[in-house]
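Residue numbers for the sequence shown follow this note's numbering, so the first one is 1459 and each next one is one higher. Glycine residues also receive a C-beta, built at the ideal position from the N, C-alpha and C atoms. Structure, as structure tokens:
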Amino acid sequence: MKRPLLKSIFSQVRHLRLKSYLMLSLAFLSYSALQGQATFSSVECFCLDNATTATNGQYRDSIIVVSGVPGQIWRVQNPVGFYNMLSPAPPASPILLLNNTIIPEVSPGRYALAGKRISGVPWTVTVTNGTETLTRSSTQTCAYPSAMATAISGQEFPCPNSSMTYSIPANPLLSNLFWNVTGGIITAGQNTNSITVQWGGSPGAQNVSVTGNLASYAGQPNACAFSTTRTVSITDTMTLTRIRGDFGNCIGALETYTLAAAANQLTSVTWTVMQADSVTPSGIPATGSAANSRSIQWPASPGVFVIRVTGQYRPNTSAPYCNFTALQRVDIVNEPVVPMACVNMVNMSLNPDCQLNFAADFFLQDQAYPNSSYDIVLRDLQTGQIIPTGTLGLDYINKIIEYKVIHECSGNSCWGYAKLEDKSIPDLNCPPDITINCTQLGNLNVTGFAGTGPGITRTPVAGQPNTWILNGFDKCSPVTLTFQDQVTTSECTGPFSSVITRTWRAVDNNNNVSTCTQTIYVNRASIADLVLPGSWDSVLDLILHWRPVMIIPRFRKASLQEIRIRIIPADLRE
């Protein structure tokens, strides 16, 4: 193609003198420089926070061509790792940007196009306006925060009422940190990578969690968000250090008392027999060398005494020692023989912890003496074995057990049968009511689950939609969790297209049921929610890269429908 400007320049050279020739030469060089001064740059790693695995997260990157010349047509060629912004979110695979995609002119002489990239994967793009061809590769490495980079460290088994430090690795690229704990109070370090927590006195599982952003490089336009939670267990210093034994003894009895904790879980243990005031030592020795066991020879006269055990306990070798004190009253009696009568069949129900602490008054009629005056012997009828003295649990649900109540001082006794039953299930707590968009329907990560909490695990049941098995929710058995929706549709009035009443239901292995209800409000869609396909200036590209039929959404009566548009190139319509 002839260039009029060059023709004019050569004409001027023929007719003008040297000075004019020199000036025109400079003008020619300036024109040539303008034709080759386009710059190709990029803005990288705007995190879209949509990862479903450690490697499939997406970013928005922009390529920018500045030529200074308005009205040019710049196109993309041979993109590698640079994807269409309309690509679906993970876990679906993105769609590669097509050859000859036009880069829009965003201001005079400035051309910019946004695309997607995958975490950890570089890209290369070539652009051309027909005269100039420029190639650029990504210069930054984008990666979503790794589990190691945001892992919370700190004591997993804190003592009750103790102060502990928890932290994530220090990194100058961290921002917007916010910590939250259950069962304790943050006393220092909020909004930093390290906090101090003052734990409460209630034992059990608690959570330490932190949210924030972690950039891949300094100056990243939008760092990726992360959320990390660590479960800790405040040590229970009571259950395994509670004194066990016979707490109603006849005069002159020799009894052994124990702690359930193993000897290697204890240190600095002291056993003392006190008077009834729990303050004055009685002078009665507690003999033996094991940290978790002592024998006591009770006196030949009646009285009330208290066994006191102090020391330090830890649940395992990785936990710190925690101070404990255990007190137990013991009645020493001299009681004459009395008649005894037992109930033939006793039905006993477990508590919410799936345990039953039994006593003589469960079984006796017209009981003459305190519970401490009687011994109880239980026998499993299926095995014939004597059940160890202590607490009955889930192993004996729905079993018939033989019991025997013995008056310790006289040896008189009676017997009968008992059945252990599970008649309760914990209350089911629903997620809060929520307002969502129609695109979030079916996303339980948005609407939430019932039956969540520390120590509870949820496993989907294969082949059964909306059904999960909860472990740790009910102490007696696994629980089946389901939900059922009742949908109320609003055609064309009000802000919501529909209101969903979701009823969650938990059923344990003994058919005990717990339910709760959640309300989900679905926003009405608008024309702004309609996503159209991109523009095309080449029918051949459309034929080569797209199917004959495209599917795009439209909205009819506030619900999502489908319409099909058959694309027929102009030269094929005849």
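Exercise for the section: Go ahead and pull the three-state DSSP assignment for Phe-1816. Expected result: coil
Exercise for the section: Give me the Cα-Cα distance between Asp-1789 and Leu-1822, rounded to the nearest whole angstrom. Expected result: 20 Å
Handout entry: Burial state of Asp-1880 (16 or more Cβ within 10 Å)
Key = buried
Handout entry: Boundaries of the alpha helix (DSSP H) in which Val-1904 is found, first to last residue
Key = 1902-1905
Problem - Neighbourhood of Ile-1643 by C-beta distance below 6 Å, restricted to the same chain and skipping five residues each side - result: Gln-1656
Practice task
Classify Leu-1698 as helix, strand or coil using the three-state DSSP reduction.
Solution key: helix
Exercise for the section: Would you kindly report the start and end of the unbroken beta strand (DSSP E) that includes Lys-1857? Expected result: Lys-1857 -> no beta strand (DSSP E), and no H or E assigned at all.
Practice task
May I have the straight-line CA-CA distance separating Thr-1910 from Ser-1753, to the nearest angstrom?
Solution key: 45 Å
Problem - Terminal residues of the beta strand (DSSP E) in which Trp-1637 lies - result: 1632-1639
Practice task
Taking Leu-1839 as the reference, give the member of Tyr-1854, Glu-1860, Ala-1718, Thr-1977 with the closest Cα.
Solution key: Glu-1860
Handout entry: Same chain only: Cβ atoms within 6 Å of Ala-1777, ignoring 5 sequence neighbours per side
Key = Phe-1615
Exercise for the section: Keeping to the same chain, check which residues put their C-beta closer than 6 Å to that of Gly-1746; ignore five residues upstream and five downstream. Expected result: Arg-1752, Ser-1753
Handout entry: Beta-carbon proximity check, Leu-1850 vs Leu-1814, cutoff 8 Å
Key = yes
Problem - Cβ separation of Phe-1705 and Ser-1740, assumed to be a contact under 8 Å, to the nearest whole Å - result: Actually they do not touch by this definition, with Cβ atoms about 15 Å apart.
Practice task
Indicate the three-state DSSP secondary structure (helix, strand or coil) for Ala-1605 in the structure shown.
Solution key: coil
Problem - Ala-1826, DSSP secondary structure in three states - result: coil
Exercise for the section: Entirely within the region 1742-1825 and at least 3 residues each: give me those beta strand (DSSP E) ranges in chain order. Expected result: 1751-1755, 1761-1771, 1780-1791, 1803-1807
Practice task
Rounded to whole angstroms, what's the CA-CA distance from Gly-1670 to Ser-1551? Just pull it up for me.
Solution key: 27 Å
Problem - Where Asn-1722 sits in the DSSP three-state scheme - result: helix
Problem - Beta-bridge pairing of Ala-1572 - partner residues as DSSP gives them - result: Ser-1520
Handout entry: Own chain, CB closer than 7 Å to Ala-1496, minus 5 neighbours either side, in chain order
Key = Val-1523, Val-1524, Ser-1525, Glu-1590, Leu-1592
Exercise for the section: Kindly give me the distance between the Cβ atoms of Trp-1729 and Ala-1744, rounded to whole angstroms, as I take these residues to be in contact under 8 Å. Expected result: 4 Å
Problem - Proximal residues to Ser-1596 (C-beta, below 8 Å), its chain only, five neighbours per side dropped - result: Ser-1500, Glu-1502, Asp-1519, Gly-1539, Arg-1575, Pro-1580, Trp-1581, Thr-1582
Problem - Met-1803 burial status per 10 Å Cβ neighbour count (16 or more: buried) - result: exposed
Problem - Opposing strand residues paired with Met-1622 [DSSP bridges] - result: Val-1655
Exercise for the section: Go ahead and pull the three-state DSSP assignment for Thr-1505. Expected result: The amino acid occupying residue 1505 in the given sequence is Cys; Thr does not appear at that position. Strand.
Handout entry: Endpoints, beta strand (DSSP E) assigned at Gly-1670
Key = 1662-1672
Handout entry: Gly-1647 vs Thr-1654 beta-carbon contact at 8 Å
Key = yes
Exercise for the section: Report the residue from Gly-1659, Asn-1774, Gln-1770 whose alpha carbon sits nearest the alpha carbon of Phe-1782. Expected result: Gln-1770
Exercise for the section: Under the assumption that Cys-1600 contacts Ser-1577 (Cβ atoms under 8 Å), give the Cβ distance between them as a whole number of angstroms. Expected result: 6 Å
Problem - Cβ-based burial, Phe-1636 [other Cβ within 10 Å; buried from 16] - result: exposed
Problem - Residue ranges of each beta strand (DSSP E) within the region 1521-1547, 3 or longer - result: 1532-1538
Exercise for the section: Using three-state DSSP, classify Thr-1897 as helix, strand or coil. Expected result: helix
Practice task
Quick one: residues in its chain with C-beta nearer than 8 Å to the C-beta of Cys-1780, no 5 flanking neighbours on either side, listed in chain order?
Solution key: Cys-1617, Pro-1618, Ser-1620, Thr-1693, Thr-1695, Gln-1770, Tyr-1771, Arg-1772
Exercise for the section: Leaving out five residues on either side along the sequence, give the residues of the same chain with a beta carbon under 6 Å from the beta carbon of Asn-1792. Expected result: Ile-1709, Pro-1760
Problem - Start-end ranges of the beta strand (DSSP E) lying completely within the region 1908-1991, minimum 3 residues - result: 1915-1918, 1925-1929, 1937-1947, 1954-1966, 1971-1981
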